[in-house]
Structure formats: C-alpha cells, structure tokens
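Reading through the structure tokens given below for one structure.
Number of protein chains: 4
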Amino acid sequence: MFNRIILIGRLTRDPELRYTQNGTTVATMTVAVNRPYTTKEGEKEADFIDVIAWNKLAEIVNEYGQKGRLALVEGRLQIRSYTDKEEKKRKVAEVVANNVRFLDKPKQAESGEEIDWSDFGTEIEVDEEDIPF
Amino acid sequence: MFNRIILIGRLTRDPELRYTQNGTTVATMTVAVNRPYTTKEGEKEADFIDVIAWNKLAEIVNEYGQKGRLALVEGRLQIRSYTDKEEKKRKVAEVVANNVRFLDKPKQAESGEEIDWSDFGTEIEVDEEDIPF
Amino acid sequence: MFNRIILIGRLTRDPELRYTQNGTTVATMTVAVNRPYTTKEGEKEADFIDVIAWNKLAEIVNEYGQKGRLALVEGRLQIRSYTDKEEKKRKVAEVVANNVRFLDKPKQAESGEEIDWSDFGTEIEVDEEDIPF
Amino acid sequence: MFNRIILIGRLTRDPELRYTQNGTTVATMTVAVNRPYTTKEGEKEADFIDVIAWNKLAEIVNEYGQKGRLALVEGRLQIRSYTDKEEKKRKVAEVVANNVRFLDKPKQAESGEEIDWSDFGTEIEVDEEDIPF
DNA sequence: TTTT
DNA sequence: TTTT
C-alpha cells in the first residue's frame with residue numbers, strides 16, 4: 001500500500017541505457033550507499049543498490065549521471081522473481097526511480113569539453129503512469 | 001550516505017524469532033506491499049519484502065506481529081552478498097527495520113483469550129546503535 | 001532541492017472543498033499526528049497539521065475523507081508568507097499533498113446508506129504538474 | 001502516529017546555539033528549500049523552514065553548519081501553539097531534527113585557517129529519547 | 001531576517 | 001563488476 005525509498009549515494013559506474021522491445025527507454029545504474037557505521041575492524045561498508053529508471057527520467061539519468069557522482073534517488077523497492085537456468089527460483093531487488101537528482105557538481109569534462117551546469121539541482125520527477133513496470 | 005525506506009503492507013506470515021551466537025535477538029518477517037498499479041490483465045501485483053529487526057524491536061515485532069496484520073516499517077535497505085554451495089555469488093536484499101508500527105487492530109485472540117490493546121499505534125523505535133549489523 | 005513529508009494521522013474534521021477564481025478545485029483538511037512521547041504528566045500530545053490538496057486529489061480527499069479517518073499523507077512542506085490586517089508579517093505552514101491514502105475502513109454510513117469500499121487502500125497520487133501552487 | 005520529513009536545502013544563516021534553563025543545548029537554523037517549479041514569471045521560489053536540533057546534534061550542527069552550506073535534514077514536523085501579547089492564538093511550525101548531514105564540502109576557512117574535513121558525510125543521528133520536546 |  |  002505504500003513503498004517509498006530515498007537514497008543518497010555515488011554511482012559505481014556510468015548508467016547503462018537500453019530499449020525494450022516496444023521502444024521504451026530504460027536506464028540502469030548502481031548506487032553505493034555507505035552504511036551508517038564502521039565494522040569492528042574499523043572498515044566502512046556500503047550497500048550497492050541497483051536502480052532502474054524509465055522513459056524521460058532514463059534519458060536524463062544517462063546524460064547527467066556518471067561514475068562517482070553523488071545522486072539522490074527516490075522511488076519504490078521492487079522485488080522481481082524469476083526462475084534461472086537450473087530451474088531455481090531467484091529474486092532480484094531494485095529501486096524503481098521516480099525522481100533522481102545529482103547533488104554535486106559534474107566532473108570537469110575531459111580535454112576542455114564544454115560543461116552543461118544546468119543540471120545541478122535540476123528536478124527530475126516522473127509521474128507513476130510513466131513507469132511501465 | 002542516506003538510506004531510508006518506508007513501507008506499509010501486510011505480514012505474509014508470523015514473524016520468526018531467532019538468536020545469534022552471542023545471544024542477540026533477531027526477528028525476520030516478510031511484508032507484502034501492493035504495487036501502485038494493476039497489470040494489463042487487471043491483476044494486482046505485490047512486492048514481498050524481507051524485513052529484519054533486532055533486539056527489543058525484534059521482540060515487540062514477534063509479540064504483536066501476526067500473519068495478515070497491517071504494518072508500517074521504516075528502516076534502511078541492505079544488500080548482503082554471499083557465496084552459495086555452488087560457489088556462485090548471490091545477493092540478498094532486506095530491510096533492516098528501526099521502527100515498526102501496526103496500523104490495524106490485532107485479530108481477536110482465539111478462544112476468549114485476553115487481548116492486549118496497548119500495541120495499537122505504539123511507537124517502537126530503536127537507536128542505530130542497537131542494530132548490530 | 002528536496003522536500004518530502006510523510007504523515008499518518010486522523011482527520012480532525014471533514015475536508016473543506018473550495019474553488020479558486022479560475023476554477024481549480026482545492027481541498028483543505030487538518031491531520032492530527034500524535035507525538036512519539038508522552039509528557040512528564042503522562043499526557044499525549046499531537047501536532048495538528050494543515051494539509052492542502054489540488055484538483056483530482058482534492059475531490060477524492062473530499063469524497064473519502066471524513067472526520068476521524070486514519071490517513072497517510074505524502075507531500076511537501078510549504079511555508080507561505082503574508083501580511084495581516086495589522087500590517088504584520090505572518091507565516092503559514094501547510095503540507096501540499098501529492099498522495100493521500102486512507103488506511104482504515106470508512107465509518108458505517110448513516111441510515112443504511114450504501115458503502116463504497118473501493119477506496120480502501122486506493123492509490124491516489126498526482127503529478128507535480130497538477131499542483132498549481 | 002507517523003511524522004517524517006526529509007529536506008535538502010541551504011542554510012540561510014549560521015545556526016544559533018542556546019541553552020534551556022536546565023542546561024539543555026539547542027540549535028536553531030533556517031533551511032531554504034527551492035520549490036520544484038518556477039512561477040509563471042519564471043522566478044524561483046523557496047520555502048524557508050525553521051529547524052531545531054537538541055543536545056549533541058545541536059552542537060554538531062553548530063560546529064559544521066554555516067550559512068550557505070547544503071544540508072540534509074531528517075526529522076518530524078512540529079506545530080507549536082502559543083498566545084501572543086495581544087492574546088491571539090498563534091502557531092509556529094518547525095522541524096525537530098533527528099538527523100542532519102552536510103552534503104557539500106565546507107567553505108574554505110578564512111585566512112589560511114585549518115579545515116576539518118572529517119564532517120563531510122558524517123552521520124549525525126540521535127535517538128528520539130534525546131529530544132526533550 | 002533569507003540559501004546556491 | 002563496485003562509489004568518495
């Protein structure tokens with residue numbers, strides 16, 4: 001009845017853009033979120049959380065999100081079930097984003113390339129109806 | 001850096017209570033959260049989300065949570081990695097609760113048993129330091 | 001850059017429906033949210049939070065929300081400034097809802113009237129673009 | 001029964017530190033949160049939201065928070081009522097923080113002063129029991 | 001009294 | 001496969 005998750009973390013890699021068979025745009029990325037404690041050995045741990053974005057949000061994520069950028073992700077936690085090749089039931093957890101914001105300044109583009117600063121703090125939010133799955 | 005999830009859904013089964021080797025109490029349960037849409041075939045779908053609670057919160061969850069009850073769960077999404085028997089890397093997603101509240105009235109106890117109404121709307125919240133993992 | 005509030009509480013009165021000059025529907029209501037503690041005198045306290053909903057959400061809130069119902073409200077906190085009749089600057093805080101859900105069963109309608117159960121757990125969510133102010 | 005707010009915005013001024021009569025530390029600050037739209041005249045608007053932090057959190061906020069810094073604030077919305085000098089009932093809205101994080105790097109200290117970078121991304125979270133009001 |  |  002209610003499912004809301006809010007994450008702030010860094011992209012572990014550049015987002016990947018793909019298209020479904022009927023042409024819907026989808027972007028996937030992984031966000032590393034440091035845990036709120038250190039282990040007894042004094043080490044930091046992180047959760048690596050898969051995020052999926054659809055349509056216009058996918059395109060914006062793909063354009064502005066790069067490995068290392070600090071992102072705020074808002075969405076819902078989705079658990080997908082499937083059967084693997086060995087006929088075993090598996091589950092996949094991912095956050096279906098409806099809002100992504102980049103909180104740091106983009107990295108200086110390589111070799112003098114122009115930077116588009118307009119994304120800093122840009123609001124990218126989608127209606128639930130724009131999320132196909 | 002920030003990891004917050006808020007769920008409202010129903011317990012798919014009674015919580016399970018266990019103890020770690022050093023005696024820490026831990027409760028696990030699964031919450032079914034209906035998705036915010038119906039499929040093209042008009043079917044409702046749900047995400048079945050594993051929840052883990054520690055210490056005092058585990059005990060309260062175990063006492064007041066029963067299959068079918070409507071629960072609000074607040075916590076963080078944790079992704080644990082492990083290697084299975086076939087030496088394959090697997091991931092488990094679960095919500096580490098720091099706050100659980102039951103939003104409906106408890107089911108009438110069987111056979112005239114006394115009901116403890118005190119849990120209805122009770123605030124059960126734990127400090128991050130009370131969560132061992 | 002980010003402003004999200006989630007409340008669960010009870011309506012202190014039936015919602016009020018009005019229309020702006022250009023015909024936009026707007027509903028206002030107050031939600032009582034018990035505080036997470038009792039005072040030293042053992043008394044419960046509550047925050048009485050004004051909520052405003054626009055357009056289609058306003059109509060649904062008006063139809064299904066009645067005094068005493070348990071509601072989940074999601075939105076953003078808005079602080080409006082104005083000058084009162086004595087030329088003093090005043091501030092008003094209100095939650096602009098983009099999602100309202102009723103978590104309890106509706107009260108039995110008076111005098112044998114039919115009940116519409118369809119609202120129980122219904123998802124009512126609006127796009128940011130449907131919120132005029 | 002549930003009251004959670006999450007804000008990201010910039011401090012409009014340095015936090016103010018005070019002490020209650022019984023010696024409890026309290027910090028107040030205002031966070032400017034830009035609204036998710038521009039007006040028809042193309043202007044950006046912001047909500048100026050008062051935030052209050054207690055005890056250890058107050059001290060940390062006071063130490064690391066300066067005018068202009070980007071902060072994430074998590075807490076609950078509190079509406080306090082009081083009667084003013086003209087015997088009129090007034091209401092004050094403020095966020096009681098239980099978690100504050102600074103998301104940008106601190107400003108370079110003036111005149112070669114040493115910078116303490118340790119706060120960047122530091123987790124500052126308090127137990128509900130540490131919040132006196 | 002308002003931040004970038 | 002993991003980010004700062």
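Residue numbers (the UniProt record's numbering), protein chains in the order written: chain A, 1 to 133; chain B, 1 to 133; chain C, 1 to 133; chain D, 1 to 133.
We put the CB at the ideal spot given by N, CA and C, even for glycine.
In chain order, which alpha helix (DSSP H) runs of at least 4 residues are fully inside the stretch 7-87 of chain C? 55-64
How about A/I5: is its C-beta nearer than 8 Å to some C-beta of chain D? Start at 1 with the first residue of the first sequence, and residue 5 of chain A comes out as number 5. Chain D contact via Cβ: absent.
Count the other CB atoms, across all protein chains shown, that sit within 10 Å of the CB of B/R80; report buried if there are 16 or more and exposed otherwise. For the purposes of this step, residue 80 of chain B is taken as the residue at position 80 of the second sequence. By the 10 Å Cβ count, B/R80 comes out exposed.
Any beta carbon of chain B sitting closer than 8 Å to that of A/M1? For the purposes of this step, residue 1 of chain A is identified with residue 1 of the first sequence, where counting begins at 1. Answer yes: the Cβ-Cβ gap between A/M1 and chain B drops below 8 Å somewhere.
Alpha carbons only, please: which of D/E16, D/Q78, D/Q21 and D/P36 is nearest the one belonging to residue 139 of chain D? The structure shown does not extend to residue 139 of chain D, since chain D is modelled only from 1 to 133, so the question has no answer here.
Any chain A beta carbon closer than 8 Å to D/L103: The count along the fourth sequence starts at 1 and reaches residue 103 of chain D at position 103. Yes, because at least one Cβ of chain A sits closer than 8 Å to the Cβ of D/L103.
Residue from A/V31, A/D104, A/I52 and A/E94 with nearest C-alpha to A/R13: Against the first sequence, residue 13 of chain A aligns to sequence position 13. Taking only the C-alpha atoms, the option nearest A/R13 is A/V31.
Pull up the distance between the alpha-carbon of D/N99 and that of C/Y37, whole angstroms please. In the fourth sequence, residue 99 of chain D corresponds to position 99, counting from 1. In the third sequence, residue 37 of chain C corresponds to position 37, counting from 1. Each residue's Cα considered, the two are about 18 Å apart.
If you draw a straight line from the alpha carbon of C/N34 to that of C/G9, how long is it in whole angstroms? The residue labelled residue 34 of chain C in the question sits at position 34 within the third sequence. The residue labelled residue 9 of chain C in the question sits at position 9 within the third sequence. Going from the Cα of C/N34 to the Cα of C/G9 covers about 7 Å.
When you compare the CB of A/G9 with every CB in chain B, is at least one pair closer than 8 Å? For the purposes of this step, residue 9 of chain A is identified with residue 9 of the first sequence, where counting begins at 1. Closer than 8 Å to some Cβ of chain B, the Cβ of A/G9 qualifies, so yes.
Hey, how far is the Cα of A/R4 from the Cα of B/M1? For the purposes of this step, residue 4 of chain A is taken as the residue at position 4 of the first sequence. For the purposes of this step, residue 1 of chain B is taken as the residue at position 1 of the second sequence. Rounded to whole angstroms, A/R4 to B/M1 spans 17 Å at the Cα level.
Use the C-beta contact count for B/F48: other C-beta atoms within 10 angstroms, 16 or more gives buried, fewer gives exposed. On the second sequence, position 48 is the one that residue 48 of chain B refers to. B/F48 should be labelled exposed.
Would you say B/Q78 faces chain A, with C-beta separation under 8 Å as the test? Looking up residue 78 of chain B in the second sequence gives position 78. So yes, B/Q78 belongs to the interface.
Find the residues of chain A that neighbour C/L72, judging by a C-beta separation of less than 9 Å, and give them in chain order. Translated into the one-based positions of the third sequence, residue 72 of chain C becomes position 72. Within chain A, the residues near C/L72 are M1 and F2.
Just to confirm my understanding: we take B/T83, look at its own chain, exclude 5 residues before and 5 after, and list those with CB closer than 8 Å. What are they? On the second sequence, residue 83 of chain B is found 83 positions in, with the first residue counted as 1. Excluding sequence positions up to five before and after B/T83, its CB lies within less than 8 Å of the CB of K89 and R90, all in the same chain and listed in chain order.
Does the distance from the C-beta atom of D/Q78 to that of D/V51 stay below 8 Å? Here residue 78 of chain D is taken as the residue at index 78 of the fourth sequence, counted from 1. Here residue 51 of chain D is taken as the residue at index 51 of the fourth sequence, counted from 1. Not a contact, by the Cβ cut-off of 8 Å.
Grouping DSSP H, G and I as helix and E and B as strand, with all else coil, what is B/K107? Reading the second sequence from its first residue, position 107 is the one you call residue 107 of chain B. Looking at B/K107 - three-state DSSP - the assignment turns out to be coil, as it is neither helix nor strand.
Between C/E74, C/E86, C/R69 and C/V92, which lies nearest to C/K105 when the distance is taken from Cα to Cα? As a position in the third sequence, residue 105 of chain C is number 105, starting the count at 1. Of the candidates C/E74, C/E86, C/R69 and C/V92, the one whose C-alpha sits nearest the C-alpha of C/K105 is C/R69.
I'd like to check one pair, D/L11 with D/Q66: are the Cβ atoms closer than 8 Å? As a first step, residue 66 of chain D must be located in the fourth sequence, where it is residue number 66. As a first step, residue 11 of chain D must be located in the fourth sequence, where it is residue number 11. Closer than 8 Å, so yes.
Please name the residues in the stretch 37-66 of chain D whose beta-carbon is closer than 8 Å to at least one beta-carbon of chain C, in chain order. Y37, D47, F48 and I49
Under 8 Å from the C-beta of C/N34: neighbouring residues of chain D: Residue mapping note: residue 34 of chain C aligns to position 34 of the third sequence, counting from 1. Near C/N34 (Cβ distances below 8 Å), the residues of chain D are M1.
Does the beta carbon of C/A93 come closer than 8 Å to any beta carbon on chain D? Here residue 93 of chain C is taken as the residue at index 93 of the third sequence, counted from 1. So yes, C/A93 belongs to the interface.
What does the Cβ neighbour count give for C/Y64, buried or exposed, with the cut at 16 atoms within 10 Å? The residue labelled residue 64 of chain C in the question sits at position 64 within the third sequence. When all chains shown are included, C/Y64 counts as buried.
Using only CA atoms, which one of C/E45, C/T39 and C/W54 lies nearest to C/N22? Walking along the third sequence from the start, residue 22 of chain C turns up at place 22. Ranking C/E45, C/T39 and C/W54 by Cα distance to C/N22 puts C/W54 first.
Classification of C/G75 by the beta-carbon crowding that lies within 10 angstroms, buried from 16 upward: As a position in the third sequence, residue 75 of chain C is number 75, starting the count at 1. It counts as buried.
Cβ neighbour criterion (16 or more within 10 Å) applied to B/S118: On the second sequence, residue 118 of chain B is found 118 positions in, with the first residue counted as 1. The predicted model places B/S118 with a pLDDT of 39, which falls under 50 and marks its position as unreliable; any figure quoted below should be read in that light. By the 10 Å Cβ count, B/S118 comes out exposed.
Alpha carbon to alpha carbon, how far is B/E86 from A/K85? Give it in angstroms, no decimals. One-based indexing of the first sequence puts residue 85 of chain A at position 85. One-based indexing of the second sequence puts residue 86 of chain B at position 86. A/K85 and B/E86: Cα-Cα distance of roughly 14 Å.
Rounded distance between the beta-carbons of B/L72 and B/R101, thought under 8 Å: Your numbering for residue 101 of chain B matches position 101 in the second sequence. Your numbering for residue 72 of chain B matches position 72 in the second sequence. At roughly 4 Å, the Cβ-Cβ gap stays under 8 Å, so B/R101 and B/L72 are in contact.
Span separating the alpha-carbon of B/T24 from that of A/K40: Locating residue 24 of chain B in the second sequence gives position 24, where the first residue counts as 1. Locating residue 40 of chain A in the first sequence gives position 40, where the first residue counts as 1. Near 16 Å, if we compare the C-alpha coordinates of A/K40 and B/T24.
Cβ-Cβ distance between C/L93 and D/A46 below 8 Å: Position 93 of the third sequence, counting from 1, holds the residue named residue 93 of chain C. Position 46 of the fourth sequence, counting from 1, holds the residue named residue 46 of chain D. First, the residue type needs correcting, since residue 93 of chain C is Ala and not Leu in the sequence shown. Going by C-beta atoms, C/A93 is not nearer than 8 Å to D/A46.
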